[in-house]
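Numbering (our numbering), first residue to last: 148 to 353. The structure appears below as structure tokens.
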Amino acid sequence: MNSSIDDLYQTHTGETALIIGNGPSLNAIPDDLLNKYVSFGCNRIWERFQPDYFVAVDGWVPEENELDFHALESVTLLPLDFLGKWRADYYFTHDYHPMWIMEKDLHPSYLRKPGIGWVGVTHAMLQIAFFMGFEKFLCVGLDNTNTGKHFYDTEPVHREVDPDLWEWGFAVLRDCFIPKVILNISDYTELKSLPRADWRNFLNNN
């Protein structure tokens, strides 16, 4: 472990975070938008973009993509369970209790104790960004289908998400983050729990 994850606490206070999912709709998002905000990416995002922060919560990500994972230029964050097996810049604790996070409870060691829960990696990215003090959270590539399809063409193993569980996770975080706002700005999405906005409105604004 190179650094304590405590060092990331409130490092982006008041900024806007771009949370990048890997759904097919990510192909519609221009690089100008991806590069405009501090970005969080996951899984095989390196096939499209190098985010500022890279988060993985599933062991298959570094295991099946070892060379690509170690070639990442991003700041990498992994669960503490991976320490000793996969190298990362920071490690966070997986809290196996139901997902819940409130700003009043945050403190510098929060990502170590109690840590965070998640249904999927996007929920983890949002909570890490919340811990870092971001004010607004823009989500792209957040299709939330159970087809197993992604912005890239090939997947060695067919993986599907439970859209109802993912929907529940976003609804929990939407309410926990109030008054901060999570916006789904994906062109195509089946996610209903997050307020919608058009990504084009964020491309040219200051």
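Virtual Cβ for every residue (Gly too), placed ideally from N, Cα, C. Nothing here was measured: the structure is a model prediction, and the numbers come from that model.
Using a Cβ distance threshold of 7 Å, Asn169 and Asn190 count as a contacting pair.
Glu337 and His241 have their C-alpha atoms spaced approximately 27 Å apart.
The beta carbon of Glu220 sits closer than 7 Å to those of Gln197, all from its chain and outside the five residues before and after it, given in chain order. Shortest Cα-Cα distance from Arg343 to any of His159, Val287 and Pro326 involves Val287.
DSSP lists Ile263 as the bridge partner or partners of His241.
Using a 10 angstroms sphere on the CB of His254, the tally of other CB atoms stays under 16, which defines it as exposed. Taken through DSSP and simplified to helix, strand or coil, Arg343 comes out as strand. Residue Arg234 holds the alpha-carbon nearest to the alpha-carbon of Asp215 among Arg234, Asp228 and Pro226.
Here Val202 carries a strand assignment [DSSP, helix/strand/coil]. For Ser186, the three-state secondary structure derived from DSSP is strand.
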